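First to last, the sequence lines map onto chains A and B. When we follow this note's numbering, the leftmost residue of the first sequence carries the number 1, and every step to the right adds one. When we follow this note's numbering, the leftmost residue of the second sequence carries the number 1001, and every step to the right adds one. Structure first, commentary second.
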Amino acid sequence: MWEYTDKVQEHFTNPKNVGEIKNASGTGNVGSIACGDALRLTIQVDENDIITDAKFKTFGCASAIASSSMLTEMLKGMKLEDAKNLTNDDIAQALGGLPKEKMHCSVMGREALEAAIADYTGVMLPMAQGEVVCECFGVTDLEIIRAIKENSLASVEEITNFTKAGGGCGKCEGRLAALLVESTDKQSSPATAQKKKKRMTALEKIKKIEEVIEREIKPTLKKDDGDIQLIDVDGDFVTVSLRGTCAGCYSSQTTLKEYVEKKLREQVLDTLIVEEDK
Amino acid sequence: MAFSLDTVIYMDNNATTRIAPEVLDAMMPYLSDYYGNPSSMHTFGGQVGEAVTQARQSVADLLGADPGEIVFTSCGTESDSTAIFSALRTYPEKNHVVTTRVEHPAVKNLCDNLETLTGRKYHISRLPVAEDGTLDIERYKECLTDETAIVSVMWANNETGVLFPVEEMAKIAKERGILFHTDAVQAVGKIPINLKDSTIDMLSLSGHKLHAPKGIGVLYVRKGTPFVPFLNGGHQEKGRRGGTENVASIIGLGKACELAAAMMDEENTRVRALRDKLEKGLLSSVPKAILNGHPEKRLPNTANISFEYVEGEAILLMMNQHNICASSGSACTSGSLEPSHVLRAMGVPFTAAHGSIRFSLSVYNTEEEVDFILEKMPPIIARLRELSPFWEED
Ligand SMILES: Cc1ncc(COP(=O)(O)O)c(C=O)c1O
């Protein structure tokens, strides 16, 4: 059972400003049903650049609904300039705080606001231009770096709490740790940290990967009626195809991450990222 | 808000159950006056030992087992660990374990972590399930190898209630000389079990799922099955599990097993009818509601229903406002960011997995309660769908 503040309970039970503004000045859509939460925010902006109205529709848990409701309440009557500076922490504070595992709900509110403002002003969203780090939840490096800086995050777990990145298959945890180092400690350059690990030549690496797949991974998957083929190695990215019953099912991700990637990391190089050939 | 027994509508019996009043009554003397150690030589302790013997008999009777085959443990999880580790230690040369993709964490996480726990490499075959949550026996047969130390397959799934044909599977394992364990924590007390007619080698149960207290479990070990204890210590449980007995809970579990045997018919008639009424009612009154799991091959008390385009935690909190208790397989309630591994293994689409609600009944539920839920649920779902950007009335 989550510990929700009275404010969260109140905004969940009686959410304010539910719906969509017709012919809105700006619309922001973030999240997806696969991710477990999504928010559509519509705002109305007048000629003096003041937000006169805001409405939301949210799919998600109680804190996602409460964050959306609180956000729309805060926005109404706010200058667009001020809205641009609103942070996820402002939303969480207004609710009297959120459980730490639920901070991503406030982040979603803030992102929807940015998307709605971008839609209104026609200026491209800087965050969307980043490189996607967490593929399960579609989180970019720029979003992660900002969350780390603004909320002084200190661990991969905290990054997951705030952005959801790393909360799915977990494949990107290594990158998250690297981003954490990069954005909190400018002194230690991530480039040198990477160099230390890579001592093998590309050819040696491919050979070793092939060997581990043939010797260990293949026989195990065969017991489960599956099969695996090495398709390509590009830097740290290893592309494989899964055959038989593992292919395409939900658990193929689990097989990839929990077994294939783990094995290759243990025995070849701990920065390897295994991907399925689609 | 404090909930009292009078106002709460408890449909979360697969999570845990209420201690039956008769069970509590049976236990009380052993928490006060009869505090002797069952192993003691004096009559004061000895009489406690006799009560434990009686309880062991009651557990054995419910399972169709011999009292000597009953080993008391601290919980279902301990029973599962004991069974699997026992097999691995019995056959140190074998390195293969067969299980399913939908086990309770007590088995699933143990198998996932076997390598770290033992420092040895194990191959784990996790049998997939069909869309309705059932297993394919042919696939199972193909999985068994000469390296297989143990098969561990649950009897009934805790989330969907789907039953696996463990008796048939045990027979196949027997033919191959492979040990067979079943986590029957959700099955015991809900469906008739007769181990005399089967070749299941080990079976786990947990007291708190059948109206006994939390923190008491049993591992059934068939006579003649090779066994290595998990907890080493005193000679309790014939050396199969060290540690002074949790006497009061053992007495409680014995009583609970007697009650379960007496109420087996009611569970499979009246409780089943209530579950069916609840399920049919919800599926017909709420649009886009889907049943998860095979409609027949299922426990009589469990209904797992997905309400598309709404999120489970939000549903549960709204139900909570009406004092209705249930569970969800949504990401937000599982403490992770992904929905339940059981629903994902069944290929339930994300639109539905996040909005799944499990109702699990017991003999204490009434028709009035079912009617109350049938009245409250449709507006809750409709309200949340009003909020949902994915929901479009058609
Ligand atoms: C199928 C199954 N196995 C094992 C357990 C664990 O039992 P216990 O809570 O007694 O450790 C449970 C209950 O949570 C269960 O449902």
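Just so you know, even glycine gets a beta-carbon here, dropped at the ideal spot from N, CA and C. Just so it is clear, the structure is predicted and the values come from calculations on it, not from any experiment.
Selection B:Ala1184, B:His1211, B:His1208 evaluated against B:Leu1219 yields B:Ala1184 as nearest (Cα-Cα).
Chain A places no beta carbon closer than 7 angstroms to that of B:Thr1100, leaving this residue out of the contacts.
Shortest gap from the CB of B:His1181 to any heavy atom of ligand 1: 6 angstroms or more. Apart from sequence neighbours up to five positions away, the residues of its chain that approach B:Pro1378 with a beta-carbon distance below 7 angstroms are Ser1285, Val1286, ordered along the chain. Taking CB atoms only, B:Ser1328 has no neighbour in chain A less than 7 angstroms away. Ordered by chain, the residues meeting the criterion of a beta-carbon within less than 5 angstroms of a non-hydrogen atom of ligand 1 are B:Cys1075, B:Gly1076, B:Thr1077, B:His1104, B:Ala1106, B:Asn1158, B:Asp1183, B:Val1185, B:Gln1186, B:Ser1206. Taken in chain order, the complete alpha helix (DSSP H) segments of 4 or more residues contained in the segment 113–179 of chain A are 141–151, 156–163. In chain A, no part has a C-beta under 8 angstroms from the C-beta of B:Phe1164; the shortest such distance is about 18 angstroms. At a cut-off of 7 angstroms between beta-carbon atoms, A:Arg265 makes no contact with chain B. Within chain B, no C-beta atom comes nearer than 7 angstroms to that of A:Cys172; the closest sits roughly 13 angstroms away.
In the three-state scheme derived from DSSP, where H, G and I count as helix and E and B as strand, B:Arg1126 is classed as strand. Among the residues of chain A, those whose CB is under 9 angstroms from the CB of B:Tyr1309 are Ile33, Phe59, following chain order. In the displayed model, A:Met78 falls within coil according to three-state DSSP, outside both helix and strand. Residues of the segment 1181–1207 of chain B that bring their beta carbon within less than 8 angstroms of a beta carbon in chain A are absent altogether. Ser1336, Leu1337, Glu1338, Pro1339, Arg1344, Ala1345, Gly1347, Phe1350, Thr1351, His1354: these are the residues of the segment 1336–1365 of chain B whose beta carbon lies less than 8 angstroms from some beta carbon of chain A, given in chain order. Contact of B:Leu1317 with chain A by beta-carbon distance below 7 angstroms involves Phe12, Ala62. Annotated three-state conformation of B:Ile1380 is helix, per DSSP. The shortest C-alpha to C-alpha distance from A:Asp236 to any of A:Glu204, A:Leu203, A:Val274 is the one to A:Val274. Chain-order list of chain B residues neighbouring A:Val18: Glu1386, Leu1387, by C-beta distance under 9 angstroms.
Across the set B:Ala1170, B:Lys1196, B:Glu1296, B:Thr1134, the C-alpha of B:Thr1134 shows the shortest separation from the C-alpha of B:Ala1345. In the displayed model, B:Thr1199 falls within coil according to three-state DSSP, outside both helix and strand. Separation of B:Val1221 and B:Leu1063 (C-alpha to C-alpha, rounded to the nearest whole angstrom) is 12 angstroms. Using a CB distance cut-off of 7 angstroms, B:Ala1051 does not count as an interface residue toward chain A. Under DSSP, A:Lys55 takes part in a beta bridge, and its partners are A:Thr42. One alpha carbon belongs to A:Asp53, the other to A:Lys79, and they sit about 11 angstroms apart. The continuous alpha helix (DSSP H) containing B:Leu1024 extends over residues 1021–1031. Straight through space, the alpha carbons of B:Val1370 and B:Lys1277 are spaced by roughly 8 angstroms. Beta-bridge partners assigned by DSSP to B:Arg1272: none are found. Around the beta-carbon of A:Ala202, fewer than 16 other beta-carbon atoms lie within 10 Å, marking it exposed.
Here the segment 1258–1269 of chain B does not lie against the segment 1027–1038 of chain B, with fewer than 3 beta-carbon pairs under 8 angstroms apart.
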